[in-house]
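Chains as they are written, first to last, in this note's numbering: chain A, 1084 to 1210; chain B, 1084 to 1210. Take a look at the structure below.
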DNA sequence: CTTACTGCAAATATTTTGCATTTGG
DNA sequence: CCAAATGCAAAATATTTGCAGTAAG
């Protein structure tokens, strides 16, 4: 565990859902010389070690979070970009049915669920 | 509706889930001079017109399909890359619960569900 | 020492944009 | 003719890779 890798892990842990670029910015607040490729390589390594995970929440870059911070679905609002977390158990029904019907074992955490959040729906109603 | 746009629509319709690059290749079989930027611009326009849609099935480029060909979830196998379609109604339970609990209105079609397909699970068991 | 890690620069891959040319109404 | 669409080239974005220098065991 090098200093750079520790900084990457700390950044991911404190940022929540961070893109590699956001991690880079945070890491550089602590150590200015760190390069983007080190971020990518560290994230990959930390994922192999099971310390962090990545998810695809939208069309942009993937986001990373600490492995300890898992067990939830990501609800991604297309309108305002907000990301809401809900317990992954809410999808247990769907996951179970998919497995029974097609034999497919789903990982609902890896991708975000796109849609529109309550606030944006309300704003659209008011407009 | 220009000749290029018609070719793009035809390509999307016949290819199923195609990336912009796959659409380009198909279009060039009919008209060799077509440029990639025309593909992107045509897809965008056709989506505004409601004739095609795009989904994010994995970490790579988005894929496009005819609007007539919708109403299903995409089950994307991480292991072999296969894409299985199942009726979107299977997710009605989850969608309803998310809306009731958090006010979030989900579009389950827009993102693929990652996981492992039955074949790859079987292969892993045999190995 | 020597193996592994890092920074740097360049290469990839994907998508977007500006602009001159062409096309179709 | 005029407005819109296209092709082309370059820019923008995101990520990966080769390589040489650095650092830690």
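Cβ atoms here follow ideal geometry from the backbone N, Cα and C, with glycine treated the same way.
Indicate whether residue i and residue j have their beta-carbon atoms separated by less than 8 Å.
i                       : j                       : result
residue 1110 of chain A : residue 1134 of chain A : no
residue 1033 of chain A : residue 1100 of chain A : The requested residue 1033 of chain A is not part of the displayed model; chain A covers only 1084 to 1210.
residue 1169 of chain B : residue 1195 of chain B : no
residue 1199 of chain A : residue 1162 of chain A : yes
residue 1177 of chain B : residue 1176 of chain A : yes
residue 1092 of chain B : residue 1129 of chain B : yes
residue 1119 of chain A : residue 1136 of chain A : no
residue 1193 of chain A : residue 1087 of chain B : no
For residue i, list the residues DSSP reports as bridge partners.
i                       : result
residue 1196 of chain B : B:1158
residue 1178 of chain A : In DSSP, residue 1178 of chain A forms no bridge with anything.
residue 1211 of chain A : Only positions 1084 to 1210 of chain A appear in the structure, and residue 1211 of chain A is not among them; the question remains open.
residue 1189 of chain B : A:1198
Quick one: what does DSSP say residue i is sitting in, helix, strand or coil?
i                       : result
residue 1138 of chain A : strand
residue 1146 of chain A : strand
residue 1114 of chain B : coil
residue 1210 of chain B : coil
residue 1151 of chain A : coil
Am I right that residue i and residue j are in contact with their C-beta atoms under 8 Å? What's the rounded C-beta distance?
i                       : j                       : result
residue 1204 of chain A : residue 1188 of chain B : 6 Å
residue 1156 of chain A : residue 1173 of chain A : 7 Å
residue 1185 of chain A : residue 1201 of chain B : 7 Å
residue 1171 of chain B : residue 1154 of chain B : 5 Å
For residue i, is the classification buried or exposed, using 16 other Cβ atoms within 10 angstroms of its Cβ as the cut-off for buried?
i                       : result
residue 1191 of chain B : buried
residue 1094 of chain B : buried
residue 1138 of chain B : buried
residue 1126 of chain A : buried
residue 1181 of chain B : buried
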